[in-house]
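Numbering (our numbering), first residue to last: 3 to 299.
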Amino acid sequence: MKHLQTLALCAWMAGLPLLAAAQAESTLDKIKSSGAIAVGYRESSIPFSYLGADAQPTGFGWEICSRIVDRVRKETGRPDLKVTTQAVTSQNRIPLIQNGTIDIECGSTTNNSERAKQVAFSINYFYTGTRLLVKAGSPVRSVADLKDKKVVATTGTTNFQVMRKVNAERQLGFELLGAKDHAEAALMLQQGRVEAFGMDDILLYGLRASSQNPAELAVVGEPLQVEPYAVMLRKGDAKFKKLVDDTIATLAQSGEFEVLYRKWFQSPIPPRGINLNAPMSPELRDNLKLLSDKPAT
Numbered sequence: 003m004k005h006l007q008t009l010a011l012c013a014w015m016a017g018l019p020l021l022a023a024a025q026a027e028s029t030l031d032k033i034k035s036s037g038a039i040a041v042g043y044r045e046s047s048i049p050f051s052y053l054g055a056d057a058q059p060t061g062f063g064w065e066i067c068s069r070i071v072d073r074v075r076k077e078t079g080r081p082d083l084k085v086t087t088q089a090v091t092s093q094n095r096i097p098l099i100q101n102g103t104i105d106i107e108c109g110s111t112t113n114n115s116e117r118a119k120q121v122a123f124s125i126n127y128f129y130t131g132t133r134l135l136v137k138a139g140s141p142v143r144s145v146a147d148l149k150d151k152k153v154v155a156t157t158g159t160t161n162f163q164v165m166r167k168v169n170a171e172r173q174l175g176f177e178l179l180g181a182k183d184h185a186e187a188a189l190m191l192q193q194g195r196v197e198a199f200g201m202d203d204i205l206l207y208g209l210r211a212s213s214q215n216p217a218e219l220a221v222v223g224e225p226l227q228v229e230p231y232a233v234m235l236r237k238g239d240a241k242f243k244k245l246v247d248d249t250i251a252t253l254a255q256s257g258e259f260e261v262l263y264r265k266w267f268q269s270p271i272p273p274r275g276i277n278l279n280a281p282m283s284p285e286l287r288d289n290l291k292l293l294s295d296k297p298a299t
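Set out below in C-alpha cells:
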C-alpha cells in the first residue's frame, strides 16, 4: 500500500509542471497558437444571445463578442482566426469558462460578487432586474400575489436565488420549480403548470415578443434586484480582460454601442420583427461614461 501511495505521489508531482504550464498560458497565447477562439452563446436569451432563423447565434451580446473577436485578430496577428461556437446554459457556462472549453461568453450573465470568485467579468454592458412573466389577465401583479402558488425560475441563475430569498423573507410559501433554460420556463407558464416565471425583465420582454401570441403574456411587478450583465472570461488573465474592456470602452466612446443598442432594443429584431421598445436605463447610460465592472452584491 505504501509503495502504491508513493507511486501515486510521484505521478501527481510529475504532472505539476504540465498543470502549471497550462495555467500559465494566457488566453491570447492559447488563441494565437491554436488559431481559434471559442465563443459561448445562449440559445434563447433574446435579444442578447439566441439562435436566429438560420440557426446561427445572433443578438446584442453576440455582436459585442464579434467586436471582441475582431480585436483579438489584430492583437494576435491572426486575420485567419477561426471562431468556434458553443451553446451554453445557466448550469454549465461557468465550468466551460474555467476549463477552457470557451474563451468568452457574451450572453445574459449577471456580474456578481459570488461569481467573481470563480471567473472574471468585463465592463458591464447592460442592467436589468428580476420581474415576473404571467398570463395576461392573471391576478398576479406582484411578488406578494404569489402566496401558495407555483413559480418557475431557470436553474443556475441569480433569479432563482432571488426568488428563493424573497420567498423565505416574505414567507410567501410559493413552490419554486427549476427549468433547464428560459424557453422551458416560458413553456411551463404557457401550459399552466406555474403561475409566474421569475427572470430578468429584459429577457421576459424578449420571450414575450418571440412567443406565438405576445398579447397573451404580461411582464409585471417591480424589479426585485438590479443586476449588471457583462462578458464572462477566465479569472487571472489581466491582459485578456484589458483587451475585452478596451473593446467595450471603444464601442462606448465611439458611439457604436448606442447604435447597437438601438438596433437590438429599439428596432424590429429577428425572427419575428418585434420591437422591444426598451429605452436605455439610467444605470447603463451612466456606465457608458464610468466604464465600471462593479459587480452586484
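Think of the CB as a built atom: it goes at the ideal place given N, C-alpha and C, for glycine as much as any other residue. If you're wondering where the values come from, they're calculated on a predicted model, not measured in any experiment.
Same chain, Cβ closer than 6 Å to residue i, neighbours up to 5 away in sequence not counted
i              : result
serine 283     : Tyr129
leucine 11     : For leucine 11, the predicted model reports a pLDDT of 43, less than 50, meaning its position is unreliable; a value from the coordinates is still stated below. Closer than 6 Å at Cβ, skipping near neighbours: no residue.
arginine 143   : Val222
asparagine 289 : Asn126
asparagine 94  : none
Whole-angstrom C-beta distance between residue j and residue i, which should lie under 8 Å
i                 : j             : result
glycine 61        : isoleucine 48 : 7 Å
threonine 132     : glutamine 227 : 6 Å
arginine 28       : lysine 244    : Note on identity: in this sequence residue 28 is serine, with arginine being the wrong assignment. Their Cβ separation, rounded to whole angstroms, is 11 Å, which puts serine 28 and lysine 244 out of contact at 8 Å.
phenylalanine 162 : alanine 155   : 4 Å
glycine 358       : serine 51     : Since the first residue of the chain shown is 3 and the last is 299, residue 358 is not available in this structure.
alanine 254       : leucine 293   : 7 Å
glycine 200       : valine 153    : 6 Å
Cβ-based neighbour list, residue i, same chain, cut-off 8 Å, excluding 5 preceding and 5 following
i              : result
isoleucine 280 : It is alanine, not isoleucine, that sits at residue 280 in the sequence shown. The residues are Ile204, Tyr207, Phe267, Gln268.
valine 168     : Val145, Leu174, Leu226
isoleucine 33  : Ile39, Val74, Thr78, Arg80, Leu83, Asp105
arginine 172   : Val145, Ala146
Beta-carbon proximity check, residue i vs residue j, cutoff 7 Å
i                 : j              : result
valine 90         : glycine 42     : yes
phenylalanine 176 : leucine 219    : no
aspartate 202     : serine 46      : no
aspartate 247     : serine 124     : yes
proline 272       : alanine 55     : yes
asparagine 101    : proline 297    : no
leucine 178       : methionine 165 : yes
glutamate 285     : threonine 112  : no
glutamate 197     : lysine 151     : yes
leucine 262       : glutamate 65   : yes
alanine 217       : isoleucine 276 : no
Local Cβ density within 10 Å of residue i, reported as buried at 16 or more and exposed below that
i             : result
serine 256    : exposed
proline 59    : buried
alanine 306   : Since the first residue of the chain shown is 3 and the last is 299, residue 306 is not available in this structure.
threonine 252 : exposed
aspartate 295 : buried
glycine 63    : buried
arginine 287  : exposed
alanine 57    : exposed
threonine 160 : buried
arginine 274  : exposed
Spatial neighbours of residue i in its chain, beta-carbon cut-off 7 Å, leaving aside the 5 residues before and after
i             : result
alanine 24    : Here the model assigns alanine 24 a pLDDT of 45, short of 50, so the residue's position is not dependable and the matter cannot be decided.
alanine 185   : Ser46
isoleucine 99 : Glu107, Val121, Met234, Leu235, Arg236
- Are there three or more Cβ pairs, one per stretch, closer than 8 Å when the segment 208-226 is compared with the segment 132-144? yes
- Message: Within 8 Å, do at least three Cβ pairs link the segment 225-241 to the segment 112-119?
- Response: Output reads yes: the segment 225-241 touches the segment 112-119.
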